[in-house]
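**Q**
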Amino acid sequence: MKKKNYLTLLILTISFLGFGIDKRDEGKKKVLIISFIEDNFDTDIYSKEKIAKKNKIVEEEVLTLYNQKISSIFTKYAGVEISYIPCPSKTFFALKEKIFFKNKKLRKEKEGVATDLSNISVEVFNGFLEEFDADYVLFLNAYQMAWIGDPQYKLENKIHYSAFKRNKEEIQTNVYTFSTPDLMSIMQMTKKYQKAVMKISAGLTDVNS
Numbered sequence: 009m010k011k012k013n014y015l016t017l018l019i020l021t022i023s024f025l026g027f028g029i030d031k032r033d034e035g036k037k038k039v040l041i042i043s044f045i046e047d048n049f050d051t052d053i054y055s056k057e058k059i060a061k062k063n064k065i066v067e068e069e070v071l072t073l074y075n076q077k078i079s080s081i082f083t084k085y086a087g088v089e090i091s092y093i094p095c096p097s098k099t100f101f102a103l104k105e106k107i108f109f110k111n112k113k114l115r116k117e118k119e120g121v122a123t124d125l126s127n128i129s130v131e132v133f134n135g136f137l138e139e140f141d142a143d144y145v146l147f148l149n150a151y152q153m154a155w156i157g158d159p160q161y162k163l164e165n166k167i168h169y170s171a172f173k174r175n176k177e178e179i180q181t182n183v184y185t186f187s188t189p190d191l192m193s194i195m196q197m198t199k200k201y202q203k204a205v206m207k208i209s210a211g212l213t214d215v216n217s
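Quick note: the sequence shown uses the working numbering, first residue 9, plus one each step.
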């Protein structure tokens, strides 16, 4: 092999491997995402059958579709201070047995669904963060749909979430709300979810700064 070709191959190999580090994420806080669970995916005003039909999938795939779509938007978020990593399914299913959710009063008389970590020790929680080299963990607590009629009927979508850092210290619990004229496909919701991710990320960035 010619010296020039060998050098080019070496450079390409090093670039591909990257020594396990994405240069774009250096110096950023890493946020691990815990997706919605079935019990807290509340779309009772629409049957799973109707949502599945809207998205051209089977009923059993509805929750997975929403989780994958929203998680992918988080992981593609190009923020300066934070980056997101999805929680592997095996870890997620082991963890969800220890997590509880509760209603919590928020600011401006709002009520949200919050994560309750009382069944997880500080040591276990910190070990969980260290396993994924994460600084924060973001729990997507609940997804809700409801019709509201002020000033006119529209479909309200709510994403409830909580964020924690080391030692189970709660950073934020809040609800992001947006509306649509009617039930839309997951692809039609892309821009809505992108705005949601930007808003949630802004709250985490404020804590990080």
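Virtual Cβ for every residue (Gly too), placed ideally from N, Cα, C.
What residue ranges within the region 32–96 form continuous beta strand (DSSP E) runs of no fewer than 3 residues, ordered along the chain?
**A** As far as the region 32–96 is concerned, its whole beta strand (DSSP E) runs of at least 3 residues are 37–42, 90–94.
**Q** With a 10 Å radius around its C-beta and 16 neighbouring C-beta atoms as the bar for buried, classify residue 108 as buried or exposed.
**A** The residue in question, residue 108, is exposed, as its Cβ has fewer than 16 Cβ neighbours within 10 Å.
**Q** Would you list the residues sitting across from residue 156 in a DSSP beta bridge?
**A** DSSP lists 162 as partners of residue 156.
**Q** If you follow the alpha helix (DSSP H) that residue 131 is part of, which residue opens it and which one closes it?
**A** 130–139 is the extent of the alpha helix (DSSP H) around residue 131.
**Q** For the beta strand (DSSP E) containing residue 180, name the first residue and the last one.
**A** Taken as a continuous stretch (DSSP letters only), the beta strand (DSSP E) holding residue 180 covers 177–188.
**Q** Where does residue 120 land, buried or exposed, given buried means 16+ other C-beta within 10 angstroms?
**A** When all chains shown are included, residue 120 counts as buried.
**Q** Assign residue 70 to buried or exposed, taking buried as 16 or more other Cβ atoms, counted over all protein chains shown, within 10 Å of its Cβ.
**A** Residue 70 should be labelled buried.
**Q** Enumerate in chain order the residues of its own chain whose CB-to-CB distance from residue 209 is below 7 Å, with the five nearest sequence positions on each side excluded.
**A** Result list for residue 209: 85, 87, 90, in chain order.
**Q** Within the same chain, show all residues whose beta-carbon is closer than 7 Å to that of residue 113, passing over the 5 residues directly before and after it, in chain order.
**A** Only 119 meet the Cβ criterion.
**Q** Can at least three beta-carbon pairs, one atom from the region 185–196 and one from the region 150–163, be found at a separation below 8 Å?
**A** Yes, the region 185–196 is in contact with the region 150–163.
**Q** Which residues bound the beta strand (DSSP E) around residue 143?
**A** Run containing residue 143: none; DSSP gives neither H nor E here.
**Q** Select from 184, 177, 144 the residue whose C-alpha is nearest the C-alpha of residue 94.
**A** Of 184, 177, 144, the residue nearest in Cα terms is 144.
**Q** Using alpha carbons as the reference points, say which of 196, 207, 202, 141 lies closest to residue 181.
**A** Here the closest residue by C-alpha is 207.
**Q** Is the separation between the beta-carbon of residue 137 and that of residue 169 shorter than 7 Å?
**A** For residue 137 and residue 169, no; Cβs fall outside 7 Å.
**Q** By Cβ distance, which residues of its chain are closer than 8 Å to residue 151, with the 5 residues on each side in sequence left out?
**A** Within the same chain, residue 151 has close Cβ partners 44, 48, 49, 50, 51, 74, 165, 166, 167, 168.
**Q** Going by C-alpha to C-alpha distance, which of 154, 115, 81, 72 sits closest to residue 97?
**A** Cα-wise, what sits closest to residue 97 is 72.
**Q** Ignore the nearest five residues each way along the sequence and tell me which others in residue 142's own chain have a CB closer than 6 Å to its CB.
**A** If we look at residue 142 and ignore the five residues flanking it on each side, its Cβ neighbours are 38, 40.
**Q** Taking residue 183 as the reference, which of 66, 122, 100 has the closest Cα?
**A** Minimum Cα distance to residue 183 is reached at 122.
**Q** In the DSSP output, which residue or residues are listed as bridge partners for residue 121?
**A** Bridge partners of residue 121: 111.
**Q** Between the beta-carbon of residue 106 and the beta-carbon of residue 127, is there less than 7 Å?
**A** Cβ distance < 7 Å, so residue 106 and residue 127 count as in contact.
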